[in-house]
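In our numbering, the protein residues as written are 2 to 418.
Cβ atoms here follow ideal geometry from the backbone N, Cα and C, with glycine treated the same way.
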Amino acid sequence: MKLIKECALIELSKTKKGMSQLRKISEIHDNRINADSIMIELTYKEYLQFANNMLANNSLQRSRVKNAKTVYKLLKDDIKRGCLFPPIVLAYINQNHNQTDIINLLSEINPGEEKENSLMILDGLQRTYTLIEAIDEMKQEDNSDKLEQMLNSQMRIEVYSGISKFGILYRMLTLNTGQTPMSLRHQIEILYSDYYDAHRDKEISLFLDKDDQKPITIGEYKFNEVVDGFTSFINGDPYPITKESLTDIIDGIKAYSSFSSDKDLFEEFVKTIHDTITQFQILSNLERNEKLTKDHPEVGEDFLDNPFGKDVYSIFAKSQSLTGFGAALSSLMNKKNLSSMSEYVEKLRILNSEGSSEWMINLLKDLDWIRLKAKKIGNGQRLYFWYFYRNIFLSSNNETLVEIVQNTRRVIETQIG
């Protein structure tokens, strides 16, 4: 990004370890998220030395918002006049860090040390862009004394140390209600971007839209669609979030925290998706990537011309399926029908498909019926999958998959038909 690159070229004086102007003002424990809130005073110069890296090294970080120029132009003008800059809230997310001494934390975020990837902005991203712009414009004025005076201006940051991923998500939501609130989905993308990076070469791979390689088979999933599913799990709703209700979302976050214990719930969710689709492959009576087409012996000439999907992967790895799955798991766990995600997979292992693909063919016909009847096709399909996944777990042990699909069709007809 041009602004970041230009600002990074400013001659910033280096401070020796222990000589920084970073100064702890206060430290308060946040009982809700079990983390320490540390207020620190520092200069613009010191903040920008790690802020630039925070912005540049996060591919999922939002860009400068374009529709709030008036508000941020006022802030930019105020910065140039010496107005006190509003505090920025950061999270220190080094998983190996054990916060016992505030001096250690100050050392680890000391400008010049390679610790920037452990920091992320919870609140103040757009203000940070504004500060960068203000200093860049001051640089263009070619007034080194005025520039140095601005760079040495004091500001405050609040750093949450020892914070969990739940705590980060909770704080992002409660803090992010200002001029340009970030969607829950995007916050989850940022929060779990490390999972995307860490699992590229493992059994389960996640792919961004910009990647050259595209997911084509079981074990390969679109990161944004998995995030859709996890968002539905947190929110308890299969539908896409449009106008977020902060109260409803925080209720979902509270439920999320009650499930999480010591596990990484996102990682567990991804594994459950993978195990579920793998089990559907077994129950489909099809070879891996085998297509259901009109020339398939179980299908026949009257099969759909353009089905929702033609194989197990293309049906169940889509966003409509994953959001229905996430919302169904959330419902089952909230109502105490389901104690863990692994319990859901165990239920799948005892299901009976009668050695046939009939259940999946009927499911595709149901989805096509929704395409013809529903006012909002995508939402109708999400609701169908919500009932389907829910009915699987609540079914009796002697119910077959064909019967579960039939029951799902009967319910969805009352909702859509």
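Label ASP146 either buried or exposed according to how many other C-beta atoms from any shown protein chain fall within 10 Å of its C-beta, with 16 as the threshold for buried.
Mapped onto the sequence shown, residue 146 falls at position 145. By the neighbour-count rule (16 or more Cβ atoms within 10 Å), ASP146 is not buried but exposed.
What are the boundary residues of the beta strand (DSSP E) that ASP124 is part of?
As a working note, residue 124 is residue 123 in the sequence shown. ASP124 -> beta strand (DSSP E) spans 120-124.
For the region 228-237 against the region 315-334, do three or more pairs of beta-carbon atoms, one drawn from each stretch, fall closer than 8 Å, so that the two count as touching?
yes
Cutting at 8 Å between CB atoms, please list the residues of its own chain near ARG128, excluding the five before and the five after it.
The residue you call residue 128 lines up with position 127 of the sequence shown. Counting only Cβ-Cβ distances below 8 Å, and skipping sequence neighbours, we find TYR73, LEU76, PHE86, PRO87, ILE89.
Which residue's Cα is closest to the Cα of PHE386: THR401, LYS374, ALA318?
The sequence position of residue 386 within the sequence shown is 385, counting from 1. Selected option, being the one with the closest Cα: ALA318.
Which residues in the same chain as GLN282 place their Cβ atom closer than 7 Å to its Cβ, once the five residues preceding and following it in sequence are excluded?
Here residue 282 is taken as the residue at index 281 of the sequence shown, counted from 1. Taken in chain order, the residues that qualify are ILE219, ARG289, VAL313.
Any idea what DSSP makes of LYS244, helix, strand or coil?
The sequence position of residue 244 within the sequence shown is 243, counting from 1. Reliability fails at LYS244, whose pLDDT of 49 lies under 50, so the model's placement of it is uncertain and the value that follows must be treated cautiously. Reduced to three states, the DSSP call for LYS244 is coil.
Other residues of its chain near VAL346: CB distance less than 8 Å, five sequence neighbours each side excluded:
Taking the sequence shown and counting its residues from 1, the one referred to as residue 346 is at position 345. THR273, ASP276, THR277, GLN280.
Beta-carbon within less than 7 Å of PHE394's beta-carbon, same chain only, minus the 5 sequence neighbours each way: which residues are those?
Along the sequence shown, read from residue 1 onward, the residue named residue 394 stands at position 393. LEU333, ASN338, LEU339, TYR345, LYS348, listed in sequence order.
Beta-carbon within less than 7 Å of ILE417's beta-carbon, same chain only, minus the 5 sequence neighbours each way: which residues are those?
Position 416 of the sequence shown, counted from the start, is the residue given in the question as residue 417. Here the set comprises ILE371, LYS374, ALA375, GLY381.
Measure from the alpha carbon of ILE34 to the alpha carbon of each residue in TYR388, PRO308, ASN225, PHE167, then state which is nearest.
Taking the first residue of the sequence shown as position 1, residue 34 is located at position 33. Comparing Cα-Cα distances from ILE34 to each of TYR388, PRO308, ASN225, PHE167, the minimum goes to PHE167.
If I follow the unbroken beta strand (DSSP E) through HIS30, where does it start and stop?
Locating residue 30 in the sequence shown gives position 29, counting from the first residue. Element bounds for HIS30: 24-31.
Considering only their Cβ atoms, is the gap separating ILE158 from TYR45 smaller than 8 Å?
Start at 1 with the first residue of the sequence shown, and residue 45 comes out as number 44. Start at 1 with the first residue of the sequence shown, and residue 158 comes out as number 157. No, the Cβ-Cβ distance between TYR45 and ILE158 is not below 8 Å.
Do GLU1 and THR401 have their C-beta atoms closer together than 8 Å?
This structure leaves residue 1 out entirely; the chain is present only between 2 and 418.
GLY113 versus SER206: straight-line alpha-carbon distance, rounded:
Locating residue 113 in the sequence shown gives position 112, counting from the first residue. Locating residue 206 in the sequence shown gives position 205, counting from the first residue. Because the pLDDT of GLY113 is 48, which lies under 50, any placement of that residue in the model is unreliable, and the number read from its coordinates should be weighed accordingly. Here the C-alpha atom of GLY113 lies approximately 34 Å from the C-alpha atom of SER206.
Alpha carbon to alpha carbon, what distance is there between PRO239 and VAL300?
As a working note, residue 300 is residue 299 in the sequence shown. As a working note, residue 239 is residue 238 in the sequence shown. The straight-line gap from Cα to Cα measures roughly 30 Å.
Quick check: what's the CA-CA separation for GLU28 versus ASN363?
Counting from one through the sequence shown, the residue named residue 28 turns up at place 27. Counting from one through the sequence shown, the residue named residue 363 turns up at place 362. Straight-line Cα distance between these residues: approximately 60 Å.
Can you find a CB in chain B that lies within less than 8 Å of the CB of SER340?
Here there is only one protein chain, and chain B is not present.
DSSP state of LYS348 mapped onto helix, strand, coil
Translated into positions along the sequence shown, residue 348 becomes position 347. Of the three classes helix, strand and coil, the one that applies to LYS348 here is helix, per DSSP.
Put ALA36 into one of helix, strand or coil per three-state DSSP.
Counting from one through the sequence shown, the residue named residue 36 turns up at place 35. Of the three classes helix, strand and coil, the one that applies to ALA36 here is strand, per DSSP.
Just verifying my parser: in three-state terms, what is the DSSP assignment at PHE267?
As a working mapping, residue 267 is identified with position 266 in the sequence shown. Reduced to three states, the DSSP call for PHE267 is helix.
Where the beta strand (DSSP E) through GLN155 begins and ends:
As a first step, residue 155 is located in the sequence shown; it is residue number 154 there, counting from the start. From DSSP, the beta strand (DSSP E) with GLN155 extends over 155-162.
Within the same chain, show all residues whose beta-carbon is closer than 6 Å to that of VAL412, passing over the 5 residues directly before and after it, in chain order.
Position 411 of the sequence shown, counting from 1, holds the residue named residue 412. Only TYR388 meet the Cβ criterion.
Here's a check: name, in chain order, each residue in its chain whose Cβ is nearer than 6 Å to the Cβ of LEU209, leaving out the five neighbours to either side.
Against the sequence shown, residue 209 aligns to sequence position 208. Excluding sequence neighbours, LEU209 sits near PHE224.
In DSSP terms, what LEU56 is bridged to
What you label residue 56 is simply residue 55 of the sequence shown in a count that begins at 1. Bridge partners of LEU56: none, in fact.
Beta-ladder partner(s) of LYS223, from DSSP:
Numbered from 1 along the sequence shown, position 222 holds the residue referred to as residue 223. Beta-bridge pairing links LYS223 to PHE208.
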